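Numbering (this note's numbering), first residue to last: 1363 to 1469.
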């Protein structure tokens, strides 16, 4: 995902649509280290696997829709970007819940 983010940033800076490709790049680059951290910390955070799946899927759908709009001129499917965005939000909430559950376990 990080490599895709770098590639999309390069495409945006070399004549691509900076709004679409730049946004897709930003989401990929922002979530790649989070997904890596969730993988490395999955034994300490109860919701890490679920959060990673939701966050990864959301990022792929969101960025994929923006890339499809740029290169194909059409969306992946209706409301793909909003669906991907909502999945990313749910992924972050799952991370927060996992952190809260972890804090509760220490009491």
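Think of the CB as a built atom: it goes at the ideal place given N, C-alpha and C, for glycine as much as any other residue. Please read all numbers here as calculations on a predicted model, not as lab measurements.
Inset, instruction - Label residue 1472 either buried or exposed according to how many other C-beta atoms from any shown protein chain fall within 10 Å of its C-beta, with 16 as the threshold for buried. - result: Coverage of the chain is limited to positions 1363 through 1469, which leaves residue 1472 absent and any answer about it impossible.
Legend entry - Length of the line joining the Cα atoms of residue 1398 and residue 1379: The C-alpha of residue 1398 lies about 28 Å from the C-alpha of residue 1379.
Inset, instruction - Inspect the beta-carbon positions of residue 1403 and residue 1410 and report whether they are closer than 8 Å. - result: Cβ distance < 8 Å, so residue 1403 and residue 1410 count as in contact.
Inset, instruction - Measure the alpha-carbon distance for residue 1420 versus residue 1376 and round it to whole angstroms. - result: Between residue 1420 and residue 1376, the C-alpha separation is close to 26 Å.
Legend entry - Assigned exposure category for residue 1367 - 16 Cβ within 10 Å defines buried: In the assembly as shown, residue 1367 is a buried residue. Its beta-carbon has 16 or more other beta-carbons within 10 Å.
Legend entry - Member of 1387, 1373, 1372 whose CA lies at the smallest distance from the CA of residue 1423: Nearest neighbour of residue 1423 by Cα position, chosen from 1387, 1373, 1372, turns out to be 1387.
Inset, instruction - Using beta-carbon positions only, say whether residue 1432 and residue 1391 come within less than 8 Å of one another. - result: No.
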